[in-house]
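S.K.: Numbering (the UniProt record's numbering), first residue to last: 6 to 349.
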Ligand code: GTP
Ligand code: MG
């Protein structure tokens, strides 16, 4: 492990899949909160972001993860909506991601937005794992809350296991129809050639330790070079939402995917018309494990480094546009950065 973990960027993990297949529930299980209960009609309508530090990853993963084997700071999860009308948000989430979780309801199998998500992952070349969710609904399932899935799976009755196997084989077949070779993750030797399928339940937490372990392993093994970026360099991010915040006026929720942003920095923000050039008045950091989409309490901090979800308060943000770039000017000229933002 390195002496200076501050030099490694947090990998961004997008959670994609068909509506109601359990993306938000899975994240709720990981962060130990219930965002889904606060959602209108329990349908996710915006991209969210939750930072999960390494110690929480190892806590949830239990014996499966040895935190001393990892030097990445944790994982930043991006929740996306599965409803068909939010296709832009799914592409945006997919484009931001270093790795992804494709969530599929085992009973439902591939559905239109599952297929759409697979196309996004293929087009962006994003490595991913499949979370075969809702295994607890298998008839006769004997749950083993929050446990690793392999033992639980092997301890089921023959009947329950063969029902689940049938659903899993169908899923693996559908993956194959889309050009991906996949298998149950404990049978996968090379995760660059085969996609790991992880049976999970967001309801009982079974398989969630495995999911986090496989993600951390993938990120650590195959993505570390990409995470060795200049995290002290000028920040770059994407606007998720433009919101009124009491005491701050208009603010932008941002996913910072590169570099650092500081209070007082001059930033350029993409807008409906000309890009906005403004100065960061406050950097608002959601609490650890909080979903930025629903968080009400923020810490006012001096600086933040990628990858992170944060809220930026600054003058003149009224026309800022969701999906548009945010760039810290740094040593460059304002004109150069404005041109860069206009070109995106
Ligand atoms: P969108 O954001 O609208 O695309 O949906 P989503 O994928 O985030 O699904 P969500 O987490 O909102 O879950 C949809 C429904 O499935 C909720 O009623 C959950 O309680 C239920 N659910 C999710 N995961 C599980 C699971 O593992 N087992 C069971 N039994 N129910 C689940
Ligand atoms: Mg959701």
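Here a beta-carbon is modelled for each residue, glycine too, at the ideal position from N, C-alpha and C.
1. Looking at the unbroken alpha helix (DSSP H) that takes in residue 230, where does it start and where does it end?
2. For residue 55, which residues does DSSP report across the bridge?
3. Could you check if residue 33 belongs to the surroundings of the ligand MG, using beta carbon to heavy atom distance under 7 Å?
4. Could you give the C-beta distance for residue 346 and residue 330, rounded to a whole number, given that I count them as a contact under 8 Å?
5. Kindly indicate which residue of 294, 311, 194 and 79 has the alpha-carbon position closest to the one of residue 40.
6. May I ask you to list the residues that DSSP assigns as paired with residue 283?
7. Considering only the alpha carbon of each residue, which of 21, 12, 201 and 312 lies closest to residue 117?
8. Nearest to residue 88 by CA position, among 50, 58, 78 and 64, is which residue?
9. Quick check on the DSSP output: the alpha helix (DSSP H) that includes residue 155 runs from which residue to which?
10. According to DSSP, simplified to helix, strand and coil, what is residue 7?
11. At 3 residues or longer, and completely inside the region 82-148: list those beta strand (DSSP E) runs for me, N to C.
12. Quick one, are the C-beta atoms of residue 244 and residue 325 less than 8 Å apart?
13. For the ligand GTP, is there any heavy atom lying closer than 7 Å to the beta carbon of residue 207?
14. Between residue 217 and residue 62, is the Cβ-Cβ spacing less than 8 Å?
15. Extract the residue ranges of the beta strand (DSSP E) inside the region 175-232, only unbroken runs of 3 or more that lie entirely within it.
16. With contact counted as at least three CB pairs below 8 Å, one residue from each stretch, are the region 190-206 and the region 294-312 in contact?
17. How is the alpha helix (DSSP H) around residue 339 delimited, first residue to last?
18. Only counting the same chain, and skipping five residues up and downstream in sequence, which positions put a Cβ closer than 6 Å to that of residue 123?
19. Could you check if residue 84 is buried or exposed, using at least 16 other CB atoms within 10 Å of its CB as the buried criterion?
20. Residue 71: buried (16+ other C-beta within 10 angstroms of its C-beta) or exposed?
21. Got a sec? Which residues, its chain only, sit under 8 Å from residue 7 by beta carbon, not counting five neighbours each side?
22. Using the rule of at least 16 other Cβ atoms within 10 Å of the residue's Cβ for burial, across every protein chain shown, is residue 156 buried or exposed?
23. Whose C-beta lies closer than 6 Å to the C-beta of residue 23 among residues of the same chain, with five residues either side of it excluded?
24. Answer with buried or exposed for residue 34, where buried requires no fewer than 16 other C-beta atoms within 10 angstroms of its C-beta.
25. From 264, 319 and 271, pick the residue whose C-alpha is nearest to that of residue 289; which is it?
26. Excluding the five sequence neighbours on either side, which residues of its own chain have a C-beta within less than 8 Å of the C-beta of residue 307, listed in chain order?
M.R.: Taking the coordinates as given:
1. 229-232
2. 82
3. No, the beta carbon of residue 33 sits no closer than 7 Å to any heavy atom of the ligand MG.
4. With a Cβ gap of about 5 Å, residue 346 and residue 330 count as contacting.
5. 294
6. 272
7. 21
8. 50
9. 154-159
10. Low confidence applies here, because residue 7 scores a pLDDT of 39, under 50, leaving its location unreliable; read the following figure in that light. The answer is coil: DSSP assigns residue 7 none of H, G, I, E or B.
11. 104-110 and 133-138
12. yes
13. Flag set: Cβ of residue 207 near the ligand GTP.
14. yes
15. Whole beta strand (DSSP E) segments, 3+ residues: 187-189 and 200-204.
16. No, they do not touch.
17. 339-348
18. 183
19. buried
20. exposed
21. Because residue 7 sits at a pLDDT of 39, beneath the cut-off of 50, its placement in the model cannot be relied upon, and the following sentence gives the value as read from the coordinates. Excluding positions up to five away in sequence, the list reads 13 and 76.
22. exposed
23. Once the five neighbours on either side are set aside, the close Cβ partners of residue 23 are 87, 116, 118 and 119.
24. buried
25. 319
26. Hits under 8 Å: 267, 268 and 288.
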